[in-house]
Amino acid sequence: MTIIEGTSSGDWAGARYIGSRLCKSDEDIAQFIGPYLVPGQTVVAVDAPLVVPNQTGMRPCERYVAKAYGGRQCAAYPGHQGNMAGTRGPGLLSYLESRGVRVWAGAQMPKEHDAVHFFETYPHAAHLAMFDLPTVWKYKKKSGRSWELCRNELVEYWRRLWQLFPDVCRQILGLSDADPLAARLVPWTPAILEANVTPSVIGRGYKEFEDLTDGLFCAYIAGHIYQGKPALLFSPDSAGLPDLSRYQEGQDFILVPSV
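Straight run, no breaks: the sequence shown in the numbering used here ends on number 434.
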């Protein structure tokens, strides 16, 4: 996970990178983000289902994402009450509530709610919507994908992140090795900024950097939504429409930032 403060400006001026962590449990997450969860002032983007009314199968929001982006090799893994994909997010919200955090999980937080706004997002779909890619970036290591392909795609991902908020990326580089993302980013910067050869990172080291990269992008998405920039709503009543007011409380949903 990644925390960035001061993201209200549309150009990210004044935004401050707080830090990133590789969190393994609800307790880890709560300890890391807890001090920054200010009701009415905090938005959290989560790459996992948060509202899961279905006992089995796919949620309507996932079907609409697959319909919109399946032709570009993008489809969300189904989350339901019978698998970890569908229980992890709701479990986290329940845990935070048990620790006194006022939570609102929805596409838009009503003005009368004094809570922390959590919403589900999907980085792969966001890449397609924001950067108009022909297919998803293949930076996740899977069968049939070489390490070279994955590393090259991850470098391209980082180049786009640098374009989105260069000041934040420079702040990360300026931190000590105590920050997990900063420590892992340094070996990659020649490839990202100077088109040099990518580092020969594989295995756990690569997976950790990949996860931290997605965490940083989710923090960007949270700021994007907080700033009121364009977004697409996938829910039972919205097949990727830009009108977030169509969301009804209790519906499953995915928010995808757009341009």
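Every residue, glycine too, gets a C-beta built ideally from N, C-alpha and C. What you are looking at is a predicted structure, and each value in this text was computed from that prediction instead of being measured.
Item: Alpha helix (DSSP H) segment containing GLY380, residue limits; Value: 378-401
Item: Straight-line Cα distance separating SER183 from GLY398; Value: 7 Å
Item: PRO432 in three-state terms, based on DSSP; Value: strand
Item: Member of PRO228, ARG334, ILE347 and VAL343 whose CA lies at the smallest distance from the CA of GLU369; Value: ARG334
Item: Inter-residue CB distance, ARG274 and ALA205 (contact presumed, cutoff 8 Å); Value: 6 Å
Item: Residue ranges of each beta strand (DSSP E) within the stretch 224-306, 3 or longer; Value: 278-280 and 291-295
Item: Limits of the unbroken beta strand (DSSP E) element including THR310; Value: Per DSSP, THR310 belongs to no beta strand (DSSP E) and is neither H nor E.
Item: Residue from LEU348, HIS255, THR217 and VAL219 whose Cα sits closest to the Cα of PRO235; Value: HIS255
Item: Runs of alpha helix (DSSP H) lying entirely within the stretch 325-382, each at least 4 residues, in chain order; Value: 341-348, 355-360 and 364-369
Item: Beta strand (DSSP E) segment containing ALA414, residue limits; Value: 413-416
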